[in-house]
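One structure is given below, encoded as structure tokens.
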């Protein structure tokens, strides 16, 4: 008997050990493969990010060179020196610029492609990339000069005719790559290869490097195994190729995981030893009943239902029977408490917690999740209904509605006092908007209670599980937001749309970031030129707000301005816009450019006398002319509270400001308001202008609007001019100003100054072509 016992223990131990190894070894292999894949992807992301950072650095340096080239090429003294071929003055100006911006060299190229002045003795040589210079635009790109890679930027010099180009070059030397290596969170080595020296990239990849980023490859470089990432930099057409090579040693990449594999191996050895010892002792039959009872007690301690079965009639059996009775009584009490915690005491329906448990079960089942809708039904004025029919009948009332929802085995819960929620199946390809309307009609039938019919006046919302971000709380919150939105909009039914129904938490975050950007200088004003159609000159601009958030990227003004209006931040935002616009106008005036500036005024501020005082005082403090400031207001904003708006508008008009109605034609404005408003201008909305060349109805509307404005003594500006045909039609109609991408998009203040000077010089020159016919967006 003893020999059988000893043979059983080694066999059981061996069996468990083999099973352990059968699971452990594949897990080790999977972990190793996952680590290799994860490390490679992580390095690829870091190298790709470093490549993007380098390209951004190049773009910033190129933009710096381009800005200085534009400033120098537009300088009157420099243009005079180029016209008189004053080499000393030219070279002095070039040295000043390259010393200030850290460029490698600067030179001037004449119309024959020869270098007439240079900071490093290139005078008399032919510029290699002369055929790529543009007569009207700046040209920038990477190129090889003197067998070294550079960033090149050129700008045409006009006196006023084209006299040549000013060119700046910044060498891509070791300092540039060292800066990039310092910015990377991981150990990388950056090299810039060009010409024939860059062909090793093609050989390493086995393919031609034609531009952009290429995936990380494991290669041998300089006798070392590395993970390499290649970025082909954009070069000028005739330049040799220039490649950025980013490498990361494989040994360094995988070093942090060596200890982990040792620990996993050690844990495996320890686990196998524990398993063998446990198997040895568990085979002992004497301790089996006691071990079973101990495990049952432990399960009960952690809230699990359990019982013990003992096939004997000794003390162990009596102890197990007592334990089983105790476990059943505890389970019964827990069931009662759980039911109370998960159900509504008034109706017996599952409550919010019960709904969350049900939703959690749905989310864990992929197939059921894809075909389930969350329905919410909020009874309007339920408190009044309950006061009229009593608490008992109001509970029956809700249960009757729940019974309708429960048809088709739907699960129903009471979310709040007046809201029921159901999980209903969704038919494939069903139109949810139509389904919501049908369900609202079905559930809206009156309920009969003790021979009394009670109407069901409710709001219904549907949330598609799988469209909303994962999470039970998120689903319930989305349903409540949809119901709130429907009630606010006066809708009977609604389907939740994340694009349409914003999360309040995200709105608060957006406003917090906007306030930080306002304080840190993260907001900018861009200006879109307005051209006077008779003279062809840029005489006015419209200030447009721009915000590029580091995390969100470009944030559309409609989004954050509307949110600022809702949260009360529009005052601070508008005050900043006024102050910044007046500062830019002063800088333009100092540069000899007198422009009238248009500023959009929020409708929320029309009734704000303090803001009106601020605008008047800001103009006076800056010694600006109120007549050169146009405040643009929408017609719908005026119609909201015309009496209050008229008071503030007359104050601004009496102070000397010009007033303009923006987006005219889109707000169903009253001609009575138009007659009474103290405005000077109408701006026709772009929706009527963009198809003016092809749409006869738009032509009739625009022509009649221009005639109406002229009859009232108002100027007219047309927005959305995107082609020459539209501009010609507006000139024929007698429209005063044109604005749109055909002339120019909204650009920063410095660029606007250069653009307006250039445009007006062409418009004022008798020999020049009409710039209106050669406009560029």
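In our numbering, the protein residues as written are 213 to 989.
Quick reminder that beta carbons are idealized off the backbone N, C-alpha and C, glycines included.
Remember, it's a predicted structure, so these values are computed and weren't measured experimentally.
Count the C-beta pairs between the segment 814 to 826 and the segment 774 to 783 that are closer than 8 Å, then say yes if the count reaches three, no if not.
yes
Verify whether the separation of the beta carbon atoms of residue 782 and residue 793 is less than 9 Å.
no
When burial is assigned at 16 or more other CB atoms within 10 Å of the CB, is residue 242 buried or exposed?
exposed
Given a threshold of 16 other Cβ atoms within 10 Å of its Cβ, counted over all protein chains shown, does residue 690 qualify as buried or as exposed?
buried
Spatial neighbours of residue 315 in its chain, beta-carbon cut-off 6 Å, leaving aside the 5 residues before and after:
380 and 382
From this set, 972, 533, 373 and 517, which residue's C-alpha is nearest residue 544's C-alpha?
517
Where does residue 249 land, buried or exposed, given buried means 16+ other C-beta within 10 angstroms?
exposed
Decide if residue 637 is buried, meaning its Cβ has at least 16 other Cβ atoms within 10 Å, or exposed.
exposed
Does residue 546 pass the burial test, meaning 16 or more other C-beta atoms within 10 Å, or should it be called exposed?
exposed
Could you give the DSSP three-state label for residue 334: helix, strand or coil?
coil
Cβ of residue 270 within 9 Å of Cβ of residue 367?
no
Buried or exposed: residue 954, going by 16 or more other Cβ atoms within 10 Å of its Cβ?
buried
Would you mind sorting residue 296 into buried or exposed? The rule is 16 or more other CB atoms within 10 Å of its CB.
exposed
Taking DSSP as the reference, what is the three-state secondary structure of residue 305?
helix
Tell me the DSSP bridge mates of residue 377?
321 and 368
Just how far apart, CA to CA, sit residue 759 and residue 625?
44 Å
Alpha-carbon spacing of residue 959 relative to residue 613, whole angstroms
59 Å
Cβ contact (3+ pairs, closer than 8 Å) linking the segment 741 to 758 and the segment 795 to 814
yes
In the DSSP assignment, find the alpha helix (DSSP H) that holds residue 697 and state where it starts and stops.
684 to 701
Quick one: using the 10 Å Cβ neighbour count with 16 as the cut-off for buried, is residue 457 buried or exposed?
buried
What are the boundary residues of the beta strand (DSSP E) that includes residue 956?
From DSSP, residue 956 is part of no beta strand (DSSP E); its letter is neither H nor E.
Enumerate in chain order the residues of its own chain whose CB-to-CB distance from residue 406 is below 6 Å, with the five nearest sequence positions on each side excluded.
356, 361, 452 and 454
Among the candidates 373, 940 and 230, whose CA atom is the shortest distance from the CA of residue 294?
373
Tell me the DSSP secondary structure of residue 442 in three-state form.
strand
Measure from the alpha carbon of residue 920 to the alpha carbon of each residue in 962, 667, 262 and 947, then state which is nearest.
947
I'd like the ranges of any alpha helix (DSSP H) spanning at least 4 consecutive residues and lying wholly in the segment 848 to 911.
854 to 866 and 883 to 888
Contacts around residue 939, its chain only, beta-carbon distance under 7 Å, and the 5 residues preceding and following it disregarded
933, 950, 954 and 984
Boundaries of the beta strand (DSSP E) in which residue 824 is found, first to last residue:
Counting along the chain, residue 824 falls outside any beta strand (DSSP E), though it belongs to the alpha helix (DSSP H) covering 821 to 833.
For residue 745, the three-state DSSP class (helix, strand or coil):
coil
Between which two residues does the alpha helix (DSSP H) carrying residue 651 extend?
644 to 655
How should residue 338 be labelled, buried or exposed, when 16 other C-beta atoms within 10 angstroms of its C-beta is the threshold for buried?
exposed
Could you check the C-alpha separation between residue 577 and residue 584 for me, to the nearest Å?
11 Å
The alpha helix (DSSP H) spanning residue 734 covers which residue range?
Note, residue 734: premise wrong, no alpha helix (DSSP H); not H, not E.
Candidates 630, 286, 437 and 240, of which the one nearest residue 469 by Cα
240
What would DSSP say about residue 230, mapped onto helix, strand or coil?
helix
Sort out for me which residues DSSP pairs residue 750 with in a bridge.
743
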